[in-house]
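Asker: Just so it is clear: in the sequence shown, position 71 is 81 by the working numbering, and no numbers are missing. Glycine included, C-beta positions come from ideal geometry on N, C-alpha and C.
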Amino acid sequence: MFTSAKLMKKTKEKEHYLKEIYRLEISSQAVSVSGLSVVFGISKSSVSNMVKKLVAMGLVNSAPYKTIELTSEGRERAKTILAKHRLIESFLVEVMGFDSKNVHEIAEEIEHIDSPPFFRKVKQMLSQRDIDPHGSPIPDVEF
């Protein structure tokens with residue numbers, strides 16, 4: 011039997027993969043099991059297992075000796091996760107007064123909250139800002 015903490019951990023892991031694959035894609039880097047293994051500091055077999063799960067969910071396409079690519083649904087989910095992360099970093103710096111060096115880990119946790127009204131409100135409070143405190147663009151998504 012799965013506990014909700016285990017289920018949440020699995021969701022977080024999948025979302026981290028989607029976000030990282032998206033980041034690599036937009037920087038025109040080929041996405042591979044080996045590359046993700048290095049990024050996450052885990053074994054290739056662990057990455058391969060997660061990629062298989064993401065393929066089964068229809069979020070990525072993958073084939074032997076081919077690059078891993080997000081599907082359109084996977085890309086939209088990844089953009090939403092990244093937008094949440096960067097909005098939260100902006101909120102923590104601009105509204106709450108955190109130093110920009112200290113917001114990444116907090117945003118890593120909050121980005122997994124499934125509450126569109128919350129993120130719409132954060133976006134509204136930031137006056138529809140489109141750049142995060144580190145100078146990265148905030149993807150324009152509808153929550």
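Can you name, in chain order, every residue of its own chain whose Cβ lies under 6 Å from the Cβ of D142, other than the five neighbours on each side?
Answerer: As a first step, residue 142 must be located in the sequence shown, where it is residue number 132. Result list for D142: R96, E99, S100 and I148, in chain order.
Asker: Just to confirm, are M60 and Y27 a CB contact at a threshold of 8 Å?
Answerer: Start at 1 with the first residue of the sequence shown, and residue 60 comes out as number 50. Start at 1 with the first residue of the sequence shown, and residue 27 comes out as number 17. Their beta carbons are under 8 Å apart, which means M60 touches Y27 by this criterion.
Asker: Classify L34: buried if its beta carbon has 16 or more other beta carbons within 10 angstroms, exposed otherwise.
Answerer: What you label residue 34 is simply residue 24 of the sequence shown in a count that begins at 1. Answer is buried; the Cβ neighbour count reaches 16.
Asker: Looking at L102: is its Cβ nearer than 8 Å to the Cβ of I91?
Answerer: The sequence position of residue 102 within the sequence shown is 92, counting from 1. The sequence position of residue 91 within the sequence shown is 81, counting from 1. Cβ distance not < 8 Å, so L102 and I91 don't count as in contact.
Asker: Determine which residues share a DSSP beta bridge with P147 and list them.
Answerer: If you number the sequence shown from 1, residue 147 lands on position 137. In the DSSP output, where bridge partners are listed per residue, P147 has I141.
Asker: Can you give the Cα-Cα distance for D140 and E152, rounded to whole angstroms?
Answerer: Here residue 140 is taken as the residue at index 130 of the sequence shown, counted from 1. Here residue 152 is taken as the residue at index 142 of the sequence shown, counted from 1. Distance between the alpha carbons of D140 and E152: 13 Å.
Asker: From this set, A73, N112 and E83, which residue's C-alpha is nearest V41's C-alpha?
Answerer: For the purposes of this step, residue 41 is taken as residue 31 along the sequence shown, with counting starting at 1. Among A73, N112 and E83, the Cα nearest to that of V41 is on A73.
Asker: Looking at L46: is its Cβ nearer than 8 Å to the Cβ of E30?
Answerer: Counting from one through the sequence shown, the residue named residue 46 turns up at place 36. Counting from one through the sequence shown, the residue named residue 30 turns up at place 20. In this structure, E30 lies closer than 8 Å to L46 by Cβ.
Asker: With a CB to CB cut of under 6 Å and the five nearest residues on each side skipped, what residues in its chain are close to V70?
Answerer: Residue 70 sits at position 60 when you count from the first residue of the sequence shown. If we look at V70 and ignore the five residues flanking it on each side, its Cβ neighbours are L64, I78, L80 and G84.
Asker: The alpha helix (DSSP H) that contains S82, what's its start and end?
Answerer: Working through the sequence shown from its first residue, we reach residue 82 at position 72. It spans S82 to E104 - the alpha helix (DSSP H) in which S82 sits, taken as one unbroken run.
Asker: Compare the Cα-Cα distances from K94 to each of H114, S56, S38 and V48 and report the closest residue.
Answerer: Stepping through the sequence shown from its first residue, residue 94 is reached at position 84. Looking at the Cα atoms, H114 is the closest of the given residues.
Asker: Would DSSP call E152 helix, strand or coil?
Answerer: In the sequence shown, residue 152 corresponds to position 142, counting from 1. In the structure shown, E152 sits in coil (DSSP, three-state: anything other than H, G, I, E or B).
Asker: Quick test of your reading: H122 and T21, contact by CB under 8 Å. State the CB separation rounded to the nearest angstrom.
Answerer: On the sequence shown, position 112 is the one that residue 122 refers to. On the sequence shown, position 11 is the one that residue 21 refers to. The pair is a contact, with the Cβ atoms about 7 Å apart (cut-off 8 Å).
Asker: With 16 as the cutoff for other CB atoms within 10 Å, does K133 come out buried or exposed?
Answerer: Mapped onto the sequence shown, residue 133 falls at position 123. Buried: at least 16 other Cβ atoms inside 10 Å.
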